[in-house]
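>
In our numbering, the protein residues as written are 30 to 178.
Structure representation (structure tokens):
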């Protein structure tokens with residue numbers, strides 16, 4: 030009876046719940062491998078800044094769907110810890126351009142390697158990387174849908 034209930038839970042769980050589960054488990058794995066660093070899931074913001082030099086806080090808000098206040102607090106922490114720096118945008122003095130510092134530049138490849146190790150351990154295949162493209166397309170459609178409202 031208990032096994033049947035568990036199977037119903039698996040079968041009736043929404044698609045997005047499984048994506049969230051994968052994300053949380055990857056975060057737990059990564060946190061266990063990055064000793065001495067309390068990044069948790071916020072490390073994704075440093076990676077985004079590393080991959081998108083001169084991006085803005087608004088870019089991060091739009092990409093990750095977090096509140097401006099929450100992102101500002103996290104970025105302030107990373108700036109205080111020396112992982113990122115803010116510079117006034119010469120084209121719009123009310124906005125900042127975000128970049129990783131030398132310390133940030135050193136940690137991103139380590140984070141990426143741990144992520145690749147996790148992908149290998151959980152059995153992500155070439156076929157799964159093709160699925161990733163479709164998931165990105167769905168995510169972008171979802172972002173546009175929200176923008177249009």
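Just so you know, even glycine gets a beta-carbon here, dropped at the ideal spot from N, CA and C.
Along the chain, which unbroken stretches of the alpha helix (DSSP H) at least 4 residues long are found entirely within the segment 129 to 165?
Complete alpha helix (DSSP H) runs here, min 4: 131 to 151.
> Measure the CB-CB distance between residue 77 and residue 92 and report whether it falls below 9 Å.
The answer is yes: Cβ separation under 9 Å.
> Out of 111, 138, 70, point me to the one whose CA is closest to residue 52's CA.
Ranking 111, 138, 70 by Cα distance to residue 52 puts 70 first.
> Could you give the DSSP three-state label for residue 95: helix, strand or coil?
Here residue 95 sits in coil by DSSP.
> If you check the beta carbons only, do residue 129 and residue 45 fall under 9 Å apart?
Not a contact, by the Cβ cut-off of 9 Å.
> Could you check the C-alpha separation between residue 54 and residue 144 for me, to the nearest Å?
Distance between the alpha carbons of residue 54 and residue 144: 11 Å.
> Output the boundary residues of the alpha helix (DSSP H) element that contains residue 118.
Taken as a continuous stretch (DSSP letters only), residue 118 belongs to no alpha helix (DSSP H), being part of the beta strand (DSSP E) at 113 to 118.
> Measure the beta-carbon distance from residue 108 to residue 114 and round it to whole angstroms, keeping in mind my assumption that it falls under 8 Å.
That belief holds up - the Cβ atoms of residue 108 and residue 114 are roughly 7 Å apart, short of 8 Å.
> Would you decide whether residue 36 is buried or exposed? Buried here means 16 or more other CB atoms lie within 10 Å of its CB.
By the 10 Å Cβ count, residue 36 comes out exposed.
> What are the start and end residues of the alpha helix (DSSP H) that includes residue 69?
Residue 69 -> no alpha helix (DSSP H), and no H or E assigned at all.
> Can you list, in chain order, the residues of its chain with a C-beta nearer than 7 Å to that of residue 82? Leave out the 5 residues immediately preceding and following it.
The answer, listed in chain order, is 128.
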